[in-house]
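Student:
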Amino acid sequence: MSPGDRDPQDEWLDALRETWRQGPAPAPDRALADEDATTRAAVRWVRDAWLALPVPAAQPPRVSEGVAARAPLAPVERLRWRRLAVAAALLVALGVPLLVLATRRAVPSRPPDGAPVADAPRPAPQRAPEPAAPPALPAPEPLPAPQVAAVDADHLELRSGPVHLYLITASPSSNDEVPR
Amino acid sequence: MDETSTDASGLLHAVAHGDPEAIDRWFRAEHPQVYRLCAGFLADAAEAEDIAQDAMLKLLDTLPRWDRRRPWRSWRNTLVLNLCRDRLRRAASRAGAESAAAPLCLPSALPSPEEAAQAAEVRALLLGALAALSPREREAFVLHDLEGADAAETALALGIGESSVRSLLSLARRRLRTLLGPHLAPSGGADA
Numbered sequence: 110m111s112p113g114d115r116d117p118q119d120e121w122l123d124a125l126r127e128t129w130r131q132g133p134a135p136a137p138d139r140a141l142a143d144e145d146a147t148t149r150a151a152v153r154w155v156r157d158a159w160l161a162l163p164v165p166a167a168q169p170p171r172v173s174e175g176v177a178a179r180a181p182l183a184p185v186e187r188l189r190w191r192r193l194a195v196a197a198a199l200l201v202a203l204g205v206p207l208l209v210l211a212t213r214r215a216v217p218s219r220p221p222d223g224a225p226v227a228d229a230p231r232p233a234p235q236r237a238p239e240p241a242a243p244p245a246l247p248a249p250e251p252l253p254a255p256q257v258a259a260v261d262a263d264h265l266e267l268r269s270g271p272v273h274l275y276l277i278t279a280s281p282s283s284n285d286e287v288p289r
Numbered sequence: 169m170d171e172t173s174t175d176a177s178g179l180l181h182a183v184a185h186g187d188p189e190a191i192d193r194w195f196r197a198e199h200p201q202v203y204r205l206c207a208g209f210l211a212d213a214a215e216a217e218d219i220a221q222d223a224m225l226k227l228l229d230t231l232p233r234w235d236r237r238r239p240w241r242s243w244r245n246t247l248v249l250n251l252c253r254d255r256l257r258r259a260a261s262r263a264g265a266e267s268a269a270a271p272l273c274l275p276s277a278l279p280s281p282e283e284a285a286q287a288a289e290v291r292a293l294l295l296g297a298l299a300a301l302s303p304r305e306r307e308a309f310v311l312h313d314l315e316g317a318d319a320a321e322t323a324l325a326l327g328i329g330e331s332s333v334r335s336l337l338s339l340a341r342r343r344l345r346t347l348l349g350p351h352l353a354p355s356g357g358a359d360a
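Have a look at this one:
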């Protein structure tokens, strides 16, 4: 844009900008000392009264409370999850042997002179004729994962296949309360 | 508590590690300041007492996570402020704090705080005057003019710019001037 294209209003704006630049810069922080006497007196009265505010008595927390307050989970909650984990581990430990036992019982018995399958010598690579082949065993079902069957205030029921486990929970003691 | 002193730093360290004696000392030193902050932010003595206790437990709980690069006072003030804001968000508390300004009845001359520091009258007047401010004005005023934080620290705690802090301070002071100015005794120490 050439100087000849300038709008007459631009000159006014330039003059206004220049005047604004020459003016005093705003104070970075208006301190209380810059206020008038009445404002200072009012603020001072509020400050004095605020500093003299009677503080109600309060007891420092006991250390146990502080430690408990730092716990990421409430004690009741932690206890519940811990019981659940122990119950699940028990269920797996008990349920797996029972399930294996039940699966083995389902296999038809072999002739008395027959050696156990695991101990039998491996036959030559020749394939036995189809009719002579032992009946195909049903594939064992995948082990079902332990499931929570029921949760109540006073008991918990877990189920893994045919096994049911009942956990009777005691009512929470006073130590389980979370401090405010 | 002076966060710059070695003693204070050592005390906070001991508190963070659960030393019962240190916790007791720290609590007695810190609680009055936390209570005054709560009273200033909430403009309600009963609420302040309740929140101050919560704030002390919260401070104790989160002390191990305190960022040592940040001044203790700033960190503490922000935590207390957030707790007070949470309380104020509950409609009943907010309504109570705002309506507390209505029944404020000022005497012809305010009593001197030195003479009647323990008087309930002074407390009621103080909290009534603070309740006349908006929550934001109150927060800025308490942190800057009462607690003594500078504009940058106040802005950081409030999550706003420094220019906004100045605006809030100006509004708060003007409101207090209008409210208290006519009732201040001539010897109220305008330039004390």
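Going down the list, the protein sequences come from chains A and B. Quick note: the first sequence uses my numbering, first residue 110, plus one each step. Quick note: the second sequence uses my numbering, first residue 169, plus one each step. All residues carry an ideal CB built from backbone N, CA and C; glycine is no exception.
1. Quick one: is W129/A buried, meaning 16 or more other Cβ sit within 10 Å of its Cβ, or exposed?
2. For the structure I just gave you, are there three or more beta carbon pairs, one from the region 193-200 of chain A and one from the region 228-243 of chain B, closer than 8 Å?
3. Do you know offhand how far Q118/A's Cα is from A213/B's?
4. Is it buried or exposed for A223/B, if we count other Cβ within 10 angstroms and need 16 for buried?
5. Strictly by DSSP, which residues pair up with I277/A?
6. In this structure, does DSSP put P181/A in helix, strand or coil?
7. Across which residues does DSSP place L269/A in a beta bridge pair?
8. Do you know offhand how far R171/A's Cα is from D192/B's?
9. For L227/B and D123/A, what's the separation of their Cα atoms in angstroms?
10. If distances are taken between C-alpha atoms only, which option among E120/A, R268/A, L276/A, Q131/A comes closest to L208/A?
11. Starting from the Cα of L210/A, find the closest Cα among T147/A, V272/A, D143/A and give me that residue.
12. Please look up how many angstroms separate the CB atoms of F209/B and E307/B, rounded, as I've assumed it's under 8 Å.
13. I'd like to know whether the C-beta atoms of F309/B and P169/A end up nearer to each other than 8 Å.
14. Restricting to runs no shorter than 3 residues, where is the beta strand (DSSP E) found entirely within the region 226-264 of chain B?
15. Taking the alpha carbon of L295/B as the point to measure from, which residue in I277/A, T212/A, L160/A has its own alpha carbon closest?
16. Using a Cβ-Cβ cutoff of less than 6 Å, which residues in the same chain neighbour E321/B once the five nearest sequence positions on both sides are dropped?
17. Under 7 Å between beta-carbons, which chain B residues line up against P206/A? List them in chain order, please.
18. Going by CA-CA distance only, name the one from D313/B, E305/B, V202/B that's closest to L251/B.
19. L124/A touches chain B at which residues, Cβ-Cβ below 8 Å?
20. Starting from A161/A, follow the alpha helix (DSSP H) in both directions and report where the run begins and ends.
Tutor: Let's see:
1. The count along the first sequence starts at 1 and reaches residue 129/A at position 20. When all chains shown are included, W129/A counts as exposed.
2. The region 228-243 of chain B and the region 193-200 of chain A do not touch, with fewer than three beta-carbon pairs separated by less than 8 Å.
3. Translated into positions along the first sequence, residue 118/A becomes position 9. Translated into positions along the second sequence, residue 213/B becomes position 45. Rounded to the nearest whole angstrom, the C-alpha separation of Q118/A and A213/B is 59 Å.
4. For the purposes of this step, residue 223/B is taken as the residue at position 55 of the second sequence. By the 10 Å Cβ count, A223/B comes out buried.
5. For the purposes of this step, residue 277/A is taken as the residue at position 168 of the first sequence. I277/A pairs with H264/A.
6. The residue given as residue 181/A occupies position 72 in the first sequence. Low per-residue confidence applies at P181/A: pLDDT is 45, beneath 50, and the placement is therefore not dependable, though the value from the model is reported in the following sentence. Look at P181/A here: in three-state DSSP terms it is coil, with no helix or strand label.
7. On the first sequence, residue 269/A is found 160 positions in, with the first residue counted as 1. The question names Leu, but residue 269/A is Ser in the sequence shown. Bridge partners of S269/A: V272/A.
8. Residue numbering aside, residue 171/A sits at position 62 when the first sequence is read from its first letter. Residue numbering aside, residue 192/B sits at position 24 when the second sequence is read from its first letter. Their backbone Cα atoms lie some 9 Å apart in a straight line.
9. The residue given as residue 227/B occupies position 59 in the second sequence. The residue given as residue 123/A occupies position 14 in the first sequence. Computed Cα separation, rounded: 56 Å.
10. Here residue 208/A refers to the residue found at position 99 of the first sequence. Ranking E120/A, R268/A, L276/A, Q131/A by Cα distance to L208/A puts R268/A first.
11. Numbered from its first residue, the first sequence carries residue 210/A at position 101. For L210/A, the nearest C-alpha among the options comes from V272/A.
12. Here residue 209/B corresponds to residue number 41 of the second sequence, with the count starting at 1. Here residue 307/B corresponds to residue number 139 of the second sequence, with the count starting at 1. About 6 Å separates the two Cβ atoms, so the contact holds.
13. Within the second sequence, residue 309/B is the residue found at index 141, counting from 1. Within the first sequence, residue 169/A is the residue found at index 60, counting from 1. It is not a contact, given that the beta carbons lie outside the stated cut-off.
14. Whole beta strand (DSSP E) segments, 3+ residues: zero.
15. To locate residue 295/B, count along the second sequence from 1; it is residue 127. Among I277/A, T212/A, L160/A, the Cα nearest to that of L295/B is on L160/A.
16. Stepping through the second sequence from its first residue, residue 321/B is reached at position 153. Once the five neighbours on either side are set aside, the close Cβ partners of E321/B are S242.
17. For the purposes of this step, residue 206/A is taken as the residue at position 97 of the first sequence. Neighbours of P206/A on chain B: none; closest Cβ ~46 Å, over 7 Å.
18. As a first step, residue 251/B is located in the second sequence; it is residue number 83 there, counting from the start. When each option's Cα is compared against that of L251/B, the closest is V202/B.
19. Position 15 of the first sequence, counted from the start, is the residue given in the question as residue 124/A. The question names Leu, but residue 124/A is Ala in the sequence shown. Close to A124/A, with beta-carbon spacing below 8 Å, lies no residue of chain B; the smallest spacing is near 27 Å.
20. Here the question's residue 161/A lines up with position 52 in the first sequence. From DSSP, A161/A is part of no alpha helix (DSSP H); its letter is neither H nor E.
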